[in-house]
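In the UniProt record's numbering, the protein residues as written are 1 to 178. Reading through the C-alpha cells given below for one structure.
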Amino acid sequence: MNFKTIFSIGLCSGFLLVGCSDPERETITQMKAHLTGKSPEFRNVDGYCGEVSYVDSSGKRSQYKHFIASDDIGIQIEGVEIPSIFEYSWSKRCKGNYISPTNKAAFDKCAAVVKTYASRPSTLEYDANESTNFSNDSGRQVVTLDYFIRNSSDEKIYHKAECVISPTGVTTMTLMIE
1 MNFKTIFSIG
11 LCSGFLLVGC
21 SDPERETITQ
31 MKAHLTGKSP
41 EFRNVDGYCG
51 EVSYVDSSGK
61 RSQYKHFIAS
71 DDIGIQIEGV
81 EIPSIFEYSW
91 SKRCKGNYIS
101 PTNKAAFDKC
111 AAVVKTYASR
121 PSTLEYDANE
131 STNFSNDSGR
141 QVVTLDYFIR
151 NSSDEKIYHK
161 AECVISPTGV
171 TTMTLMIE
C-alpha cells in the first residue's frame with residue numbers, strides 16, 4: 001500500500017467530514033491500527049477542505065498544508081499535487097483561505113492597473129480569495145477581479161475587471177460594471 005492510500009485513509013479517519021458511511025468507518029478503524037508515524041492533525045476544516053499537518057517520512061512534523069478530501073477527486077494536498085490542479089480544485093470546492101503567491105501577484109497587478117482608471121482609486125478594495133477566475137495559459141495569466149469602489153456617499157459600487165497579464169505586465173484590461 002503506498003503513502004497516498006495510507007494517508008487518504010488517515011485523513012478520513014481524522015475527521016468525519018468526508019461523509020464516511022458505516023462500512024467505510026469500519027475499514028478506516030481497521031486500517032488505523034496499521035498506520036504508524038503519520039499522526040495527522042487537522043485545523044480549519046470546513047466541508048471537504050481544511051489544513052493538515054503530519055509526520056513525514058523523515059520523522060519531522062510538516063507545516064500545515066491545505067487539503068481537499070472528496071469522493072469524486074480523492075485527496076489533494078497543497079504542495080503534493082501540481083499547483084495549478086490544486087488551485088483549480090480549491091477554487092471550485094472550498095471557501096477562501098487559500099491563494100497561491102503567483103495568483104495573489106496577478107490579482108495585485110490587475111488591481112494596480114484598475115486603480116489608475118478608478119474615479120476614487122484610494123477606495124478600491126478586493127479579496128483575491130473572493131475573485132472568480134484565474135488561468136495561466138502560454139505564459140499569460142488571465143484574471144477576473146471582483147472589486148468595489150466606494151462612492152462619495154461611502155456606498156460600495158461593485159465591478160469586475162478582466163486583465164491579461166504577460167511576463168512584461170498587464171497587456172489588456174476590460175472593465176465591467178455590475
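Cβ coordinates follow ideal geometry from the N, Cα and C atoms, glycine included. Small disclaimer: the values here were computed from a predicted structure and weren't measured.
Considering only C-alpha positions, which residue in the set the options is nearest to residue i?
i, options, result
"Glu41", "Ser62, Gly169, Ala118", "Ser62"
"His159", "Ile85, Ser153, Met173", "Met173"
"Asn44", "Lys65, Asp108, Phe107, Ser89", "Lys65"
"Trp90", "Lys109, Asp108, Phe107, Ala69", "Ala69"
"Lys156", "Pro121, Ile165, Lys92, Ser57", "Pro121"
"Glu162", "Val143, Asp154, Ser153", "Val143"
"Tyr147", "Gln141, Val114, Tyr88, Arg93", "Val114"
"Thr171", "Lys109, Ser153, Phe86, Arg93", "Lys109"
Which first and last residues belong to the alpha helix (DSSP H) in which residue i is found?
i, result
"Glu87", "83-93"
On the CB-based measure, 16 or more other CB atoms within 10 Å of its CB, does residue i come out buried or exposed?
i, result
"Gly79", "exposed"
"Ile82", "exposed"
"Gly50", "buried"
"Tyr117", "exposed"
"Lys165", "In the sequence under discussion, the amino acid at residue 165 is Ile, which differs from the Lys named in the question. By the 10 Å Cβ count, Ile165 comes out buried."
Would DSSP call residue i helix, strand or coil?
i, result
"Met173", "strand"
"Thr116", "helix"
"Asp154", "coil"
"Thr144", "strand"
"Ser57", "coil"
"Ser122", "helix"
Taking 8 Å as the threshold (C-beta atoms), are residue j and residue i in contact?
i, j, result
"Phe67", "Val55", "no"
"Tyr126", "Ala112", "no"
"Thr168", "Arg150", "no"
"residue 208", "Ala106", "Past the boundaries of the shown model lies residue 208; the chain is included only from 1 to 178, so the question cannot be answered."
Taking the continuous beta strand (DSSP E) assigned at residue i, which residues delimit it?
i, result
"Ser39", "Run containing Ser39: none; DSSP gives neither H nor E here."
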